[in-house]
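Heads up: the structure comes next, in structure tokens.
Numbering (the working numbering), first residue to last: 15 to 741.
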């Protein structure tokens, strides 16, 4: 069979050029719309004439039909003679060029031929208007206003056009009325002429939501509700779907529309109605048997009875002349052709059909197999009890149907394989990686490779933090779990020992042993005091805001953060209205599902190397050097002090009047007067010592407050503070 085929041709649809494929055979011209998949066939026997029309950079075909319709195609390059020979051979028509007027005048002559209004200047066409694009025509005294249907796909829409028509007294008929009458004959004006063929009352409609009466007319059908009323021409119906609900008690009837109906600023590309399977009706059509045979070729009978969805589907199929699509051979785990899932924020049902997928119902989505680039099976939010099914189109649009039961995986994968769709995550051996990684994993507690990687990255960051913050000194002697007696700390400021301790020590052995024990206890108390002072100083330093190192290099980002920053905008685009926290959550899920992360891990490793080089250069140039040396020297000095405590001039036995128990018991010759003098002397020494301590304590507090106000102090000031605290 002889034919010509062109893949990048556009057809005019209500003022918009819709891309598609054109095929010219010996019997017909066939055009398939890429956007809707609608196939339009022009039989060769119905063609009246074919013309060339020149456009910028290419040429088009003007196909005029015997019934008065006009079809225009654009996008042909360099095959004029080939097409002319093909048309001459197969259609027995001569192809001539349609000459257009270039005058640019706004006055001329109007000619009506079929359903086309032609505005001519000097016997050459200036422009043509297919009257089936006209929605209304109104007349005035000397003026006619022509209004057009709006097409949302057109970048610029022609809304109306006005013609001024001069009147003449000699004319028998009014030219304005004659012009309007000619336009209205072929205009696509929806008006309820005659009675409705069938009426269905109170139908439950999911989109647009509400209860509507459906009235079917010859050229359109009407949705009549309490608030809104829609008149939908039969030419705008693309497909009809009849799909069973998963509960086997209800039935979806879906009508695909292009152009969509509008309710305010909302557009509905699908009408979704829901019927109970046990609801039945009986309708008598207003036709005779001869009319049914002549108009509908006995596809309808005068009386129709049965379930409401079945009667409505049959009438719509015949009147609109569209195929009624039902579920295909796919049967899911539940025994129905419906797969329960979620799309965006709403739950619904996905139906694998023989030539595509349809999702019902919020929002309805229809995807043809020829639009699909690949499909992907992915884990659903870290759970192994469900999975996500992703469909990527050739236009790079991705539809994600989530929370599908794990049991549906096997049947869905077999269906995808039978339709020869490309599965994105299939390995070289032809097996699906998802099945091995996720679907067969029943053990929820098994090791998670992604979680292990995140922990490793976190540990690596912590190691970097420890390395960079090694300048700050730490107290090795600090033990937060060690419990100290508050009473002992209170009496540490008063270094006099209790009489009970003295009596115990005095009664246990010789004088030399008692002195050694006293010295050891004194040493322990002093170490506790120094620990407490260091702890308080450390807490004061930690409570101060840390100063950032000016000019230091910034720590490098991880592989995940580099990837997230690169894909943040695409996540926002694919999920309109998503919040910042949800972006991070969504990014984490996408990162977890990503198979090949070598690119981003390589970038992270490179950033880490650059950071190490920058840090080395920064330190070599003197940045942070004094702080490092000061911190290390300070830490070493503190460790040394902790190991060898300083000698204190303060003694636990103040004054010369104190005597041990052995001395008192052995010296019987001493008089009571001497004892009184000694006790007075000891009391005076104790008072002097307390006064000295309080003065030193005030000085210590003053120096601490001055160091906190200034933010930093020298090594010598800090040593004096430590000495004052220990004293």
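We treat Cβ as the ideally placed atom computed from N, Cα and C, and that holds for glycine.
Can you name the residues that DSSP bridges to residue 160?
151, 175
- Query: Can you name the residues that DSSP bridges to residue 383?
  - Reply: Per DSSP, none; premise fails for residue 383.
* Rounded to a whole number of angstroms, what is the C-alpha to C-alpha distance between residue 67 and residue 113? -> 8 angstroms
| request: Can you say whether residue 432 is buried or exposed, counting buried as having 16 or more other CB atoms within 10 angstroms of its CB? | output: exposed
To the nearest angstrom, how far is it from the Cα of residue 218 to the Cα of residue 224?
6 angstroms
Practice item. Compare the C-alpha of residue 38 against each of 16, 541, 377 and name the closest. Key: 16
Residue span of the alpha helix (DSSP H) that contains residue 582, given as start and end | 573-588
DSSP three-state label for residue 137, please.
coil
Only counting the same chain, and skipping five residues up and downstream in sequence, which positions put a Cβ closer than 7 angstroms to that of residue 383? 369, 370, 433, 435
Residue 587: which of 575, 31, 600 sits nearest, CA to CA? 600
Q.
Rounding to the nearest angstrom, what Cα-Cα distance links residue 76 and residue 606 in this structure?
A. 55 angstroms
From the DSSP output, read off the bridge partner residues of residue 372. 365, 380
Need the endpoints of the beta strand (DSSP E) that residue 264 sits in, please. 264-277
Stretch pair the region 390-409 + the region 287-295: three plus CB contacts closer than 8 angstroms
no
Practice task
Return the chain-ordered list of same chain residues with a C-beta closer than 6 angstroms to the C-beta of residue 319, the five sequence neighbours on each side being excluded.
Solution key: 296
Discussion item. Quick check on residue 551: does DSSP put it in helix, strand or coil?
Written reply: helix
- Message: Measuring alpha carbon to alpha carbon, tell me which residue in 126, 166, 173 is nearest residue 149.
- Response: 173
Mind pulling the beta strand (DSSP E) runs of 3 or more residues that sit fully within the region 306-331?
317-321
Residue span of the alpha helix (DSSP H) that contains residue 428, given as start and end:
423-432
Exercise. Buried or exposed: residue 33, going by 16 or more other Cβ atoms within 10 Å of its Cβ?
Worked result: exposed
Once you ignore the five residues that flank residue 108 on each side, which residues in its own chain have a CB closer than 7 angstroms to its CB?
-> 102
query = Apart from the five residues just before and just after residue 306, which ones in its own chain have a Cβ nearer than 6 angstroms to its Cβ?
reply = 314
From 590, 591, 568, 602, pick the residue whose C-alpha is nearest to that of residue 579; which is it?
602
Could you check where the beta strand (DSSP E) with residue 227 kicks off and where it finishes? 224-230
If you run the structure through DSSP and keep just helix, strand and coil, what is residue 57?
-> strand
By how many angstroms is the C-alpha of residue 585 removed from the C-alpha of residue 132? 50 angstroms
DSSP state of residue 601 mapped onto helix, strand, coil: helix
- Query: For the 8 angstroms Cβ check, are there 3 or more pairs between the region 19-27 and the region 74-91?
  - Reply: yes
- Query: Of the residues 310, 72, 365, which one's Cα is nearest the Cα of residue 380?
  - Reply: 365
- Pull up the distance between the alpha-carbon of residue 202 and that of residue 163, whole angstroms please. 9 angstroms
**Prompt:** Helix, strand or coil: how does DSSP classify residue 334 here?
**Reply:** helix
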